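Student:
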Amino acid sequence: MSSPRIQKPAMPGVESLLLLFMLSIPISQAWSIDYPSPIANLPSLWTNNEATIPYNITYADGSMIRAILIRQKPAGFGPSFGCGFICTAPCNVFLFAIFFMSIGDSSNTAFNATGPRVMWTANRYRPVKENASVQFNKDGNLILRDFDGSLVWSTNTSGSPVVGMNLAETGNLILFNVMGKTVWESFAQPTDILLIGQSLWQGKRLSSTSSVTNSTRGQFYLTVLNNGLYAFINADPPQLYYQKIFNITDAIVQSKMNISSDQVKNSTAYISFLQGSFSAFLRFNSTDIKLFDISVPLPSSAQFMSLEDDGHLRVYGWNGISWKTLADVLHVYPDDCAYPTVCGEYRICSRGQCSCPSGNFDDDLFHQLDDRQPDLGCSLATPLSCDMIQYHKLIALPNVTYFNFAYNWTTDEESCKEACLKTCSCKAVFFQHQNVSNGSCFLVPKIFSLMNYQPEVVGYNLSAYVKVQMLPPPSSKKINPTAYHVGVPVLVAVICLLILMIRRIIVKRMEEDDPFKGVAGMPTRFSYKQLREATNNFSKKLGQEGFGPVYEGKLGNVKIAVKCLRDIGHGKEEFMAEVITIGSIHHINLVRLIGYCSDKFHRLLVYEHMSNGSLDKWIFRKNQSGSLSWATRYKIILDIAKGLAYLHEECRQKIAHLDIKPGNILLDDKFNAKISDFGLAKLIDRDQSHVMTKIRGTRGYLAPEWLSSTITEKADIYSFGVVVLEIVCGRKNLENNQPEGSNNLINVLQEKIKIGQVLDIVGNQDEDIQLHGSEMTEVIKLAVWCLQRDCGKRPAMSQVVKVLEGIMETESTSGYDATARDENFDASSPLTPAPVSAR
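Reading the sequence shown from the start, the letters are residues -30 to -1, 1 to 809 in mature numbering (1 follows the signal peptide of the UniProt record, and there is no 0).
1. Would you mind sorting G347 into buried or exposed? The rule is 16 or more other CB atoms within 10 Å of its CB.
2. On the criterion of 16 or more Cβ atoms from any shown chain inside 10 Å, does S328 qualify as buried, or is it exposed?
3. Buried or exposed: where does V414 fall if 16 or more other Cβ atoms within 10 Å of its Cβ makes it buried?
4. Near Q273, which residues of its chain fall below 6 Å by C-beta distance, leaving aside the five closest residues on each side in sequence?
5. When the Cα atoms are used, what is the spatial distance from Q323 to K416?
6. Enumerate, from N- to C-terminal direction, the unbroken alpha helix (DSSP H) stretches of 4 or more residues contained entirely within the segment 384 to 445.
7. When you compare only the Cα positions, how much space is there between M135 and F373?
8. Drop a sphere of 10 angstroms on the beta-carbon of W379, count the other beta-carbons inside from all chains shown, and report buried for 16 or more, exposed for fewer.
9. Residues in its own chain within less than 6 Å of C57 by CB, not counting five upstream and five downstream?
10. By Cβ distance below 6 Å, which residues in the same chain neighbour G314 in space, the five residues on each side in sequence not counted?
11. Just the Cα atoms here: how many angstroms apart are F375 and Y435?
12. In chain order, what residues of the same chain lie with their CB nearer than 8 Å to the CB of K397, ignoring the 5 residues before and after it?
13. What number of angstroms, rounded off, separates the C-alpha of I681 from the C-alpha of T780?
14. The alpha helix (DSSP H) with F690 in it runs from where to where?
15. With burial defined as no fewer than 16 other Cβ atoms inside 10 Å of the residue's Cβ, what is the status of P368: buried or exposed?
16. From the DSSP secondary-structure annotation, give me the bridge partner or partners of P519.
17. Excluding five sequence neighbours on each side, which residues of the same chain lie with their C-beta closer than 6 Å to the C-beta of L715?
18. Under 8 Å, do V104 and T127 count as touching if we go by C-beta distance?
19. When DSSP labels each residue in this structure, what does G198 get in the three-state scheme?
20. Among K624, P493 and L617, which one has its Cα closest to the Cα of L574?
21. For Y521, does the count of other Cβ atoms within 10 angstroms reach 16, so buried, or fall short, so exposed?
22. From which residue to which residue does the alpha helix (DSSP H) around E620 run?
23. Note down the Cα distance separating T393 from N559, rounded to an integer number of angstroms.
24. Mapping DSSP to helix, strand and coil, what is A138?
25. Would you kindly report the start and end of the unbroken alpha helix (DSSP H) that includes W676?
26. According to DSSP, is T219 part of a helix, a strand, or is it coil?
27. Let's test the definition: count the other Cβ atoms within 10 Å of the Cβ of A463 and tell me whether it reaches 16, buried, or not, exposed.
28. Does DSSP put R502 in a helix, in a strand, or in coil?
29. Cα-Cα, which of A239, E278 and I259 is closest to F190?
30. The alpha helix (DSSP H) spanning S231 covers which residue range?
31. Taking the alpha-carbon positions, what's the S14 to C326 distance?
32. What does a CB cutoff of less than 7 Å around M89 pick up in its chain, not counting 5 residues either side in sequence?
33. Whose CA, out of V148, V692 and A308, lies closest to the CA of M421?
34. With a threshold of 8 Å, are at least 3 pairs of Cβ atoms found where one atom belongs to the segment 625 to 644 and the other to the segment 660 to 678?
35. DSSP beta-bridge partners for R115?
36. Can you tell me whether Q168 is buried or exposed? The criterion is at least 16 other CB atoms within 10 Å of its CB, across all chains shown.
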């Protein structure tokens, strides 16, 4: 095994030292004889390349470090702490990190073979490239930028009295003031590891990575709440697999302190990794009360505690040769089978052995993914489909339990099973028997590892059922192939004739009280009196749409939203279009039309109520403290794309919405997005390449082809691109209060693309955005693809969905590179600001 290749700066001569003093080079760049100092002064700048960071180590496994600060062997032996850039082979991206490293000991082949071990990183979810930079600026802010100058991460300490930076003996990166007091520290921003002396405070998380060498987000996180320590696996919702409840009352009694209940409410809990122990405390002002204490073996002071990619919280120690596991702190009952991913999804763990479900049912219901990798789990032979929910079936799994139960309610077993069968998101059901008739029901939305148990040992009786997809029974009648080929075209022709007849009937009856009377598939008709009572005489206004106000109401226990068309004469066409279009289609990302009211004096539409209102109220906020997280915004973008894909590609006729904008995107209580307001929609036959129509829509969202009045569904895709930019940037496309030259967001984006600073268009550079900059760049690339002047070069919405779901890449079709200069764009299809509309 070859030792690492180390590049050290040459020892400076007298002339070099004089030159360093003359140029006032900071301590971090005025190298010691062998290594960088553990301290840096203001200002300092380090660029991620071998020329400007002379201390480079390439290890035998291909990993590389470029250290800017080093704390040599703080424990007196073993590895040292380093801070700088680090990468794993093939080293095309880097993390800015704190790591254990070996220096001055090329004979230690064991350590050199495994490479450095990352303890903390600033940009774990957004690696940077060669020539990225770290700047400790004169304002006291430590800033990480990528090679293109885009902001990746910052300590956000500008304006604080910071005078220097120190890599402490504990591995804590500290920014300190003139009095030596800490202003910012890496210990307060834990990632997946705790070092000795580091604490995890209430509300903070340890989040696992995918693996030791892969910093992408893992499935597990550990957090401290006011009543205990909890470990979850990420799901929707997260599933608890470990908890240790704090016995606060006993701890206060043992402390012999006089503490009131109000003081307990205002206290803060935290856990600490200390020399030889893992302990929990409750802090009142400056006083700590110990809640529990778990002993940890201590062969050396070179230790760390890591939340691993399998959900275990392990303590590692340096034994002079390598890192060894000393303890597993989370004692999950009863054994490793109780960890969520030990056998993978759907697989059953029994005494460390994994197997797919089997029993008195068709063995083809489950497939083992890989015999050699049991943690990959099993899969259903036929995936569950919400479109075929009537063919869902529950199969019993005897003596099978789960790692956690968050019981939904108390009921009888049959009602519990029926609830799962009626709920598409339910994948399994567990019923714990309490007496002869009733018990506790638990519906599982995502299945991780299952495990065997012995009822007589654990002392409870549990019934477990897993949902599977059954296929429809074959038809008893054989179909004549000739009749089939003849019948299908005839059926299509009949359907088309029926559609034409229905449309003629609707047009003919527009002047009648109920224009939809006799039309099949229409939603419920309400009287004006019913809706006036439901809305309490239209007393609570939710908002104002393009053709009238919207009011909140209630039908029984169900909340509704009622839109009133303000101009009866002018709004008839829009009213008809909306009822015809949305009344006959159903999709999770389209607002559901419950009913309508049509008489001589009133036309109203009744929708499902969306508790979080329209998207524009969330993304155009002046106060960014309540803004949506990046994960929520990404989900909203995907929801809109899925809704449009359904309209364009999955309906009998293509439906062009023609007014896609944030005001027409509504959000439910879980921030699921749904498209609304179909008053301007046009139906396009499948054999039509385009339709001719007068200009309609909203200024700022109209595609360039509106100037010719020749429209396809691709006009929606342009509008979608504008909306995506607005969601990412948090501002409107057209905004008159912006500085001169910046009032059009698309024009601003074009200029930023030319100089390779795409992310500069993002208005709110908060921590959430810094952590997801690479994802935001990809989404902006997707928006650019949708904003091409030539509508033929825009993607189909099904392609957009695939890009957002990670199935395909934008570059493979669009040829756009977010970091590219202007010459890399398709000059024939530049981005084009939208034309102006009267609306």
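We put the beta carbon where it would ideally sit given N, CA and C, even for glycine.
All of these numbers come straight from a predicted model, not from anything done at the bench.
Tutor: Well, looking at it:
1. buried
2. exposed
3. buried
4. I166 and G287
5. 22 Å
6. 425 to 428
7. 45 Å
8. exposed
9. M34 and F64
10. D345, L346 and G347
11. 14 Å
12. L354, V414, P415, K416, I417, V436 and K437
13. 24 Å
14. K684 to C699
15. exposed
16. Q514
17. L695 and N703
18. no
19. strand
20. P493
21. buried
22. Note, E620: premise wrong, no alpha helix (DSSP H); not H, not E.
23. 17 Å
24. coil
25. Run containing W676: none; DSSP gives neither H nor E here.
26. helix
27. exposed
28. helix
29. E278
30. S231 to K235
31. 57 Å
32. I68, F69, F70, G141, I163, L165 and F274
33. A308
34. yes
35. S103 and L121
36. buried
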